[in-house]
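**Student:**
Here it is, written out as structure tokens:
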């Protein structure tokens, strides 16, 4: 089975306080956040730090001296050095914790197997330390759906599978977990998928949608989603939450860019998945597979649920208004 494939001890039994309930009178819950100096983990940490009477935020990083770690510490976070590749450091980071938010990173090393092993290390350490609730940034199995490798999503699907297959305790009680499946991040528009310059003041927004709509959301809005989950954790135990703030076509996306930047012209180059597959940059085939998956109709996201969890989740129009400076900077870099 899956667990044995990764050479985990299938006879090992984990004991976890899954029958426990959270109550405000118990005092603040300790939340351990991985990836806290990145976009996703950082958004969650900043949101939970706003309620110190409810949460003690413990931010895990390999770079405790970084500026982002320092800023989190200034707002009340406890900064912990740990590495997903080092089990002992994970157990130290998770000692006494109530909740773990886990996100793993493929793009650092572009190695699916390493990402999966690191994710399993964190899950094992959390169970060993008696963490009551695991929230994981997961994904569907793209290869199973479209028949093509999509390493940065398939790795997260494998970790999801492990979470679901973890051995139950001798009392027959499993672990409390919640899976998030996120859509396309709006922050991609000033990073990986920033518009590229065609000529003076003319930019292409190169997303291979081929007539389909794209679910999207700001990473910053996931923080409030997590806060909503933690207000009523039992309601979300064992659930997979498919998030999206809205779904837009390429025409909608380009029109929105043009409304916000009247000194530039944005166009749709009508790029296709098969075009992206031929690009030479590292990870091009994975990203092409991701967009083919988005086009498949199997990437089901729930805007109504997302709005319930975060009624103020930003539309692309609002996000672009609030992040115009970051996009402007990215466009200058594209010159």
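Residue numbers (full-length UniProt numbering): 1 to 335. We treat Cβ as the ideally placed atom computed from N, Cα and C, and that holds for glycine.
1. Do three or more CB pairs link the stretch 246-253 to the stretch 71-83 at distances below 8 Å?
2. Any idea what DSSP makes of residue 11, helix, strand or coil?
3. Sorted by chain position, which residues of the same chain lie with C-beta nearer than 8 Å to residue 290's C-beta, five sequence neighbours on each side aside?
4. Under 7 Å, do residue 323 and residue 225 count as touching if we go by C-beta distance?
5. Determine, using beta-carbon pairs with one atom in the stretch 190-197 and one in the stretch 275-282, whether at least three such pairs fall under 8 Å.
6. Which residue or residues does DSSP assign as beta-bridge partners of residue 306?
7. If residue 34 and residue 101 are in contact, beta carbons under 8 Å, what's the gap, nearest whole angstrom?
8. How would you call residue 183, buried or exposed, if buried means at least 16 neighbouring beta carbons within 10 angstroms?
9. Between 274, 314 and 261, which lies nearest to residue 331 when the distance is taken from Cα to Cα?
10. Give the straight-line distance between the Cα atoms of residue 319 and residue 326, rounded to the nearest whole angstrom.
11. Please report the distance separating the alpha-carbon of residue 88 from that of residue 32.
12. For the stretch 107-126 against the stretch 235-245, do three or more pairs of beta-carbon atoms, one drawn from each stretch, fall closer than 8 Å, so that the two count as touching?
13. Going straight from the alpha carbon of residue 117 to that of residue 83, what length do you get?
14. In terms of alpha-carbon separation, which member of 98, 269, 274 and 297 lies closest to residue 203?
15. By Cβ distance below 6 Å, which residues in the same chain neighbour residue 286 in space, the five residues on each side in sequence not counted?
16. Beta strand (DSSP E) containing residue 60: first to last residue?
17. In angstroms, rounded to a whole number, what distance separates the CA positions of residue 205 and residue 333?
18. By Cβ distance below 7 Å, which residues in the same chain neighbour residue 55 in space, the five residues on each side in sequence not counted?
19. Considering only residues of the same chain and omitting the five flanking positions on each side of residue 80, which have a CB-CB separation below 6 Å?
20. If we call anything under 7 Å between Cβ atoms a contact, is residue 44 one with residue 223?
**Tutor:** In short:
1. no
2. Here residue 11 corresponds to residue number 11 of the chain shown, with the count starting at 1. No answer about residue 11 holds up, because its pLDDT of 38 lies below 50 and its placement is not dependable.
3. Stepping through the chain shown from its first residue, residue 290 is reached at position 290. 142, 150, 152 and 153, listed in sequence order.
4. Position 323 of the chain shown, counted from the start, is the residue given in the question as residue 323. Position 225 of the chain shown, counted from the start, is the residue given in the question as residue 225. Contact flag unset, no.
5. no
6. Numbered from its first residue, the chain shown carries residue 306 at position 306. Answer by DSSP bridge pairing: none, since residue 306 is not bridged.
7. Within the chain shown, residue 34 is the residue found at index 34, counting from 1. Within the chain shown, residue 101 is the residue found at index 101, counting from 1. So it is a contact: roughly 7 Å between Cβ atoms.
8. Residue mapping note: residue 183 aligns to position 183 of the chain shown, counting from 1. Buried, because 16 or more other Cβ atoms sit within 10 Å of the Cβ of residue 183.
9. One-based indexing of the chain shown puts residue 331 at position 331. It is 261.
10. On the chain shown, residue 319 is found 319 positions in, with the first residue counted as 1. On the chain shown, residue 326 is found 326 positions in, with the first residue counted as 1. Each residue's Cα considered, the two are about 11 Å apart.
11. On the chain shown, position 88 is the one that residue 88 refers to. On the chain shown, position 32 is the one that residue 32 refers to. Their Cα atoms are separated by approximately 15 Å.
12. no
13. Residue mapping note: residue 117 aligns to position 117 of the chain shown, counting from 1. Residue mapping note: residue 83 aligns to position 83 of the chain shown, counting from 1. Residue 117 and residue 83: Cα-Cα distance of roughly 12 Å.
14. If you number the chain shown from 1, residue 203 lands on position 203. When only C-alpha atoms are compared, the closest one is 269.
15. Mapped onto the chain shown, residue 286 falls at position 286. Result list for residue 286: 150, 151 and 152, in chain order.
16. Here residue 60 refers to the residue found at position 60 of the chain shown. Per DSSP, residue 60 belongs to the beta strand (DSSP E) from 55-61.
17. Locating residue 205 in the chain shown gives position 205, counting from the first residue. Locating residue 333 in the chain shown gives position 333, counting from the first residue. The alpha-carbon atoms of residue 205 and residue 333 are separated by roughly 15 Å.
18. Locating residue 55 in the chain shown gives position 55, where the first residue counts as 1. Taken in chain order, the residues that qualify are 28, 29, 31 and 48.
19. By 1-based counting over the chain shown, the position of residue 80 is 80. Around residue 80: 58, 60 and 93.
20. Position 44 of the chain shown, counted from the start, is the residue given in the question as residue 44. Position 223 of the chain shown, counted from the start, is the residue given in the question as residue 223. Their beta carbons are under 7 Å apart, which means residue 44 touches residue 223 by this criterion.
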